[in-house]
Amino acid sequence: MHGTIESTCRVEWRGLAELGSIAAQWRELAARVLEPNVFYEPPFVSAAAPAFGKDVGAHLVWSRAGPPRLLGFFPARVERRRYGILLPVLVGWTHPYAPLGSPLVDREAADAVLQAWLDHLAEEPQFPKLVLLPYLPAEGELSAAFDGALARRGGKSALFGRHARALLAPGEARDTYLVRALDGKKRKELRRQRKRMHELGTVTSVTASTAAALGPALDDFLALEASGWKGRARTAANCDDRIASFMQEALTALAREGKAQVMQLRRDAEPIAALIILRSGDTAWCWKIAYDEAYGRFSPGVQLVLDATDMLLRDHAIARADSCATPDHPMIDHVWRERLMVADRLLCLDAQGSRAFALARALEEVRRAAIRGAKAARDMARRR
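Counting from 0, one number per residue, gives the positions in the sequence shown under numbering that gives the first Met the number 0.
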């Protein structure tokens, strides 16, 4: 049972544009959360709002006792016809650049915060009684807190798209982590590739951490990304001015708080791979990676991930690092051996919503099957 220092809370809804006045309380909450989520912190949300935040707002959970303290932050949007019929769903806010949907919940008042949020949704007629939280950890303290809060009010939930993604969580065995993670043959091959790179010039890893240094480093990242397959597919960030501007603003603001780095692998002065790392509390996120395909035979992406892993292992303030990778990733899964279980969680607030929940559950299955079918057809067409 988590602490209940706040026996009663109040909840309000604000649009993203109205959150500037609570930035200080919001930052304080981010330092006290049950599970960190840098994608829901002020610098990232503010930067992402113009590109991805249409119709998005946030439920704010405040303490009633004493000076008000922000105890919970739940960003979401209402999707009225998610299934093609009028069956509104409150959907947690994620987007292609925010692969984690954990709300910010004060670790000392988690039970009270979740209970207040669920009560508010159940009582306020303006909000749907069905809630879908994408990319929510399926294990751990936050997941258990959701289980308890739902059980206490007779609610329930269903998980969709449950999957594991690579996680670095070394525990006490930091010094020998990479030796244990990679077999001798793989380590030997990577050393051989590194040696061959050195024959072309001096190979170094450099890290930009200040706001001033991050600008040029991000430019290098964007150029590398655009030079590869994402550029050819027109999905690179540089193909959309809004996305490039969002990344620049987010990283600059996060760097001012010591929460962003761009690590580069360089041959002489030339960047041949770049990795963006975000941080909050005891957690890091390997957000985006790109490399020069002309150096593909040297595995520059893997080489940079090894350097980044070594850096993270030496930083004892970091307990875990989320790869933000797709399931069964062909590269990072073989370096980082732990796994983060993630799923989209559909919530039924109480027993009264069981019929609507059953319908939404069935429609969500149909929706996902249709999306899988469309993707399979598209991939088949591309192979022809």
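Just so it is clear, CB atoms sit at the ideal spot from N, CA and C, and this is done for glycine as well.
Helix, strand or coil for D54 per DSSP?
Coil.
Taking only three categories from DSSP, how would you classify G71?
It is a strand residue.
Should T282 and D321 be called a contact, given that it needs their Cβ atoms to be closer than 8 Å?
yes
How about the segment 284 to 299 and the segment 321 to 333: do they share at least three Cβ pairs that are nearer than 8 Å?
yes
Looking only at its chain, what residues have a beta carbon closer than 7 Å to the beta carbon of S298, apart from the 5 residues adjacent to it on each side?
L189, Q192
By a C-beta neighbour count over all protein chains shown, 10 Å radius and 16 as the cutoff for buried, is R387 buried or exposed?
Outside the modelled stretch of the chain, which goes from 0 to 383, sits residue 387, for which no answer is possible.
Could you give the distance in angstroms between the alpha-carbon of D239 and the alpha-carbon of G227?
16 Å
Does H58 pass the burial test, meaning 16 or more other C-beta atoms within 10 Å, or should it be called exposed?
Buried.
Among residues of its own chain, excluding the 5 on either side of L167, which ones have a beta-carbon nearer than 7 Å to its beta-carbon?
T308, L311, R319, A320, W335, E337
Closer than 7 Å by C-beta to F73: which residues in its own chain qualify, once you throw out the five before and the five after it? Chain order, please.
A57, H58, P102, W116
With a threshold of 7 Å on Cβ separation, who are the neighbours of P136 within its own chain once the five nearest residues in sequence on each side are excluded?
E34, S101, S142, L339, M340, V341
Can you tell me the Cβ-Cβ gap for V304 and L277, rounded? I've got them flagged as a contact below 8 Å.
About 15 Å; that fails the 8 Å criterion.
Taking the alpha-carbon positions, what's the M246 to G372 distance?
Cα to Cα, the separation comes out at about 32 Å.
Roughly how many angstroms lie between the CA atoms of R367 and V202, to the nearest whole one?
45 Å
Can you tell which of A232, R81, T206, D118 has the C-alpha that lies nearest to the C-alpha of A361?
R81
Could you tell me whether the Cβ of I84 comes closer than 8 Å to any Cβ of chain D?
Judged by its chain identifiers, the structure shown contains no chain D, having just a single protein chain.
Is R79 closer than 8 Å to L85 when the C-beta atoms are compared?
Their beta carbons are under 8 Å apart, which means L85 touches R79 by this criterion.
Measure the beta-carbon distance from L345 to E363 and round it to whole angstroms, keeping in mind my assumption that it falls under 8 Å.
6 Å
Which of helix, strand or coil does DSSP assign to T3?
Interpretation of T3 is limited by its pLDDT of 41, a score under 50 that renders its predicted location unreliable; no figure is taken from the coordinates.
Could you check which residue in E269, A212, K229, S208 has the C-alpha nearest to that of K258?
K258 has its Cα closest to that of S208, out of E269, A212, K229, S208.
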